[in-house]
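Structure first, commentary second.
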Amino acid sequence: MDPDFKLAPQLVESVIAAVAALHSLGIMHGDIKPQNLLFEFDRAHRYVVKLCDLDCAYKIGDVCMATMLGTKQYESPEVYFASYAGEAVTAALSMDMFSLGLVLWQVLSRSPYSPLDSGKLAELYLNQEKLTQQLILPEQAAIYAPLLSSITQLNSSGRISS
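Numbering-wise (this note's numbering), the sequence shown opens with residue 7 and increments by one.
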(Lines of atoms letter the chains of each structure in order from A and count residues from 1; the text may use other names and numbers.)
(Lines give C-alpha, C1' and ligand atoms only; values in the text may rest on other atoms or scores of the structure.)
Protein backbone atom coordinates (compact mmCIF):
# COMPACT_ATOMS: atom_id res chain seq x y z
CA MET A 1 0.00 0.00 0.00
CA ASP A 2 1.03 3.62 -0.37
CA PRO A 3 0.22 5.17 3.04
CA ASP A 4 1.81 8.53 2.21
CA PHE A 5 0.22 8.82 -1.23
CA LYS A 6 3.70 9.05 -2.79
CA LEU A 7 2.58 7.01 -5.80
CA ALA A 8 -0.69 8.90 -6.28
CA PRO A 9 0.70 11.35 -8.88
CA GLN A 10 2.09 8.46 -10.97
CA LEU A 11 -1.14 6.54 -10.73
CA VAL A 12 -3.37 9.49 -11.61
CA GLU A 13 -1.07 10.48 -14.49
CA SER A 14 -1.03 6.95 -15.88
CA VAL A 15 -4.81 6.52 -15.72
CA ILE A 16 -5.32 9.87 -17.46
CA ALA A 17 -2.67 8.97 -20.07
CA ALA A 18 -4.44 5.70 -20.89
CA VAL A 19 -7.74 7.49 -21.47
CA ALA A 20 -6.04 10.31 -23.41
CA ALA A 21 -4.32 7.78 -25.71
CA LEU A 22 -7.66 6.26 -26.68
CA HIS A 23 -9.27 9.68 -27.08
CA SER A 24 -6.41 10.81 -29.34
CA LEU A 25 -7.55 8.09 -31.75
CA GLY A 26 -11.06 9.56 -31.77
CA ILE A 27 -12.51 6.73 -29.71
CA MET A 28 -14.73 6.90 -26.65
CA HIS A 29 -14.25 3.90 -24.34
CA GLY A 30 -17.82 3.94 -23.05
CA ASP A 31 -17.23 1.84 -19.91
CA ILE A 32 -14.41 3.31 -17.85
CA LYS A 33 -14.39 1.66 -14.44
CA PRO A 34 -11.72 0.08 -12.21
CA GLN A 35 -12.37 -3.39 -13.61
CA ASN A 36 -11.38 -2.15 -17.07
CA LEU A 37 -7.99 -0.78 -16.02
CA LEU A 38 -4.95 -3.05 -16.11
CA PHE A 39 -2.07 -1.93 -13.89
CA GLU A 40 1.57 -2.86 -14.30
CA PHE A 41 4.96 -1.33 -13.63
CA ASP A 42 7.45 -0.42 -16.34
CA ARG A 43 11.22 -0.96 -16.09
CA ALA A 44 11.56 2.31 -14.15
CA HIS A 45 8.99 1.01 -11.66
CA ARG A 46 6.39 3.55 -12.71
CA TYR A 47 2.72 2.74 -13.10
CA VAL A 48 1.51 1.93 -16.59
CA VAL A 49 -2.25 1.67 -16.98
CA LYS A 50 -3.92 0.06 -19.96
CA LEU A 51 -7.60 0.16 -20.82
CA CYS A 52 -9.32 -3.11 -21.61
CA ASP A 53 -12.82 -4.24 -22.57
CA LEU A 54 -13.65 -2.09 -25.56
CA ASP A 55 -17.08 -3.66 -26.08
CA CYS A 56 -18.77 -0.29 -25.43
CA ALA A 57 -16.30 1.78 -27.47
CA TYR A 58 -17.53 4.09 -30.22
CA LYS A 59 -15.97 6.57 -32.58
CA ILE A 60 -16.54 10.12 -31.39
CA GLY A 61 -19.67 11.46 -33.05
CA ASP A 62 -21.25 8.06 -33.66
CA VAL A 63 -24.82 7.66 -32.47
CA CYS A 64 -25.39 4.77 -30.09
CA MET A 65 -28.11 3.55 -27.78
CA ALA A 66 -27.39 4.74 -24.25
CA THR A 67 -28.49 1.36 -22.92
CA MET A 68 -25.50 -0.19 -24.72
CA LEU A 69 -22.97 1.93 -22.84
CA GLY A 70 -21.15 1.43 -19.61
CA THR A 71 -21.90 0.48 -16.07
CA LYS A 72 -24.59 2.43 -14.20
CA GLN A 73 -22.41 3.49 -11.26
CA TYR A 74 -19.82 5.00 -13.60
CA GLU A 75 -21.84 6.44 -16.47
CA SER A 76 -22.21 10.14 -17.07
CA PRO A 77 -25.48 11.94 -16.31
CA GLU A 78 -26.32 12.35 -19.99
CA VAL A 79 -25.91 8.62 -20.61
CA TYR A 80 -27.84 7.75 -17.44
CA PHE A 81 -30.88 9.85 -18.37
CA ALA A 82 -30.82 8.81 -22.05
CA SER A 83 -30.60 5.16 -21.01
CA TYR A 84 -33.54 5.57 -18.65
CA ALA A 85 -35.56 7.13 -21.48
CA GLY A 86 -34.42 4.52 -24.02
CA GLU A 87 -32.82 7.21 -26.18
CA ALA A 88 -29.72 7.33 -28.32
CA VAL A 89 -26.72 9.53 -27.55
CA THR A 90 -23.85 10.86 -29.63
CA ALA A 91 -20.54 9.41 -28.43
CA ALA A 92 -18.49 12.16 -26.79
CA LEU A 93 -15.24 12.35 -24.85
CA SER A 94 -17.05 14.15 -22.04
CA MET A 95 -18.90 10.92 -21.24
CA ASP A 96 -15.62 9.12 -20.59
CA MET A 97 -14.27 12.07 -18.61
CA PHE A 98 -17.11 11.89 -16.10
CA SER A 99 -16.49 8.15 -15.64
CA LEU A 100 -12.78 8.86 -15.29
CA GLY A 101 -13.54 11.31 -12.50
CA LEU A 102 -15.45 8.67 -10.57
CA VAL A 103 -12.62 6.16 -11.03
CA LEU A 104 -10.02 8.69 -9.88
CA TRP A 105 -12.12 9.40 -6.79
CA GLN A 106 -12.22 5.68 -6.07
CA VAL A 107 -8.46 5.32 -6.50
CA LEU A 108 -7.61 8.39 -4.43
CA SER A 109 -10.07 7.66 -1.66
CA ARG A 110 -8.93 4.03 -1.60
CA SER A 111 -12.50 2.86 -1.64
CA PRO A 112 -13.38 -0.51 -3.14
CA TYR A 113 -16.85 0.84 -3.92
CA SER A 114 -18.20 3.18 -6.54
CA PRO A 115 -18.70 6.66 -5.10
CA LEU A 116 -22.27 6.66 -6.32
CA ASP A 117 -25.09 4.44 -5.13
CA SER A 118 -26.96 3.34 -8.25
CA GLY A 119 -30.27 3.85 -6.43
CA LYS A 120 -29.51 7.56 -5.93
CA LEU A 121 -28.03 8.47 -9.31
CA ALA A 122 -31.01 10.51 -10.51
CA GLU A 123 -30.97 12.58 -7.31
CA LEU A 124 -27.21 13.19 -7.52
CA TYR A 125 -27.26 13.88 -11.26
CA LEU A 126 -29.79 16.67 -10.79
CA ASN A 127 -27.81 18.54 -8.13
CA GLN A 128 -24.13 19.47 -8.56
CA GLU A 129 -23.78 20.33 -4.88
CA LYS A 130 -25.01 16.91 -3.75
CA LEU A 131 -22.71 15.21 -6.25
CA THR A 132 -19.73 17.27 -5.06
CA GLN A 133 -20.49 16.37 -1.43
CA GLN A 134 -20.47 12.70 -2.42
CA LEU A 135 -17.01 13.04 -3.98
CA ILE A 136 -15.01 14.34 -0.99
CA LEU A 137 -11.38 13.16 -1.02
CA PRO A 138 -9.24 12.29 2.00
CA GLU A 139 -6.93 15.08 3.16
CA GLN A 140 -3.81 13.48 1.63
CA ALA A 141 -5.45 13.57 -1.81
CA ALA A 142 -7.10 17.00 -1.51
CA ILE A 143 -4.71 18.43 -4.11
CA TYR A 144 -6.72 16.48 -6.72
CA ALA A 145 -10.08 18.01 -5.72
CA PRO A 146 -10.02 20.75 -8.44
CA LEU A 147 -9.27 18.16 -11.13
CA LEU A 148 -12.00 15.89 -9.87
CA SER A 149 -14.47 18.76 -9.72
CA SER A 150 -13.68 19.83 -13.29
CA ILE A 151 -14.32 16.40 -14.79
CA THR A 152 -17.41 15.51 -12.77
CA GLN A 153 -19.46 18.51 -13.80
CA LEU A 154 -23.06 17.52 -14.43
CA ASN A 155 -23.19 19.70 -17.53
CA SER A 156 -21.01 17.96 -20.10
CA SER A 157 -19.92 21.26 -21.67
CA GLY A 158 -18.34 22.23 -18.33
CA ARG A 159 -16.05 19.19 -18.15
CA ILE A 160 -12.41 19.39 -19.13
CA SER A 161 -11.27 16.96 -21.81
CA SER A 162 -8.34 14.59 -21.97
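Backbone N, C-alpha and C define an ideal beta-carbon position, used for all residues, glycine too.
Because the structure is a prediction, the values reported are computed rather than measured.
- Distances from the CA of residue 159 to each of 134, 151, 115 were compared; the closest alpha carbon is that of 134.
- Here DSSP, grouped into helix, strand and coil, assigns residue 53 to strand.
- Taking the Cβ atoms as the reference, residue 35 lies roughly 7 Å from residue 25, within the contact range of under 8 Å.
- A distance below 8 Å separates the beta carbons of residue 162 and residue 82.
- Annotation for residue 120: 79 place their beta carbon closer than 6 Å to its own, counting only its chain and skipping 5 residues before and after.
- Your pair residue 76 and residue 123 does not check out as a contact, with CB atoms roughly 16 Å apart and the cut at 8 Å.
- Residue pairing by DSSP leaves residue 113 without any beta bridge partner.
- Sequence-distant partners of residue 85 (beyond 5 residues in either direction) whose C-beta falls short of 7 Å from its own C-beta, in its chain, are 72, 75, 76, 95, 101.
- Its chain contains 33, 34, 35, 36 as the residues whose beta carbon lies nearer than 7 Å to that of residue 63, once the 5 sequence neighbours on both sides are disregarded; these appear in chain order.
- In this structure, DSSP gives residue 122 a state outside helix and strand, which the three-state scheme calls coil.
- In this structure, 56 is the residue among 128, 56, 39 with its C-alpha nearest to the C-alpha of residue 47.
- According to DSSP, residue pairing for residue 86 in a beta bridge does not occur.
- In the DSSP assignment, residue 70 is bridged to 95.
- Ranked by how close their Cα comes to the Cα of residue 12, the residues 147, 111, 89 have 147 in first place.
- Shortest Cα-Cα distance from residue 92 to any of 70, 164, 111 involves 70.
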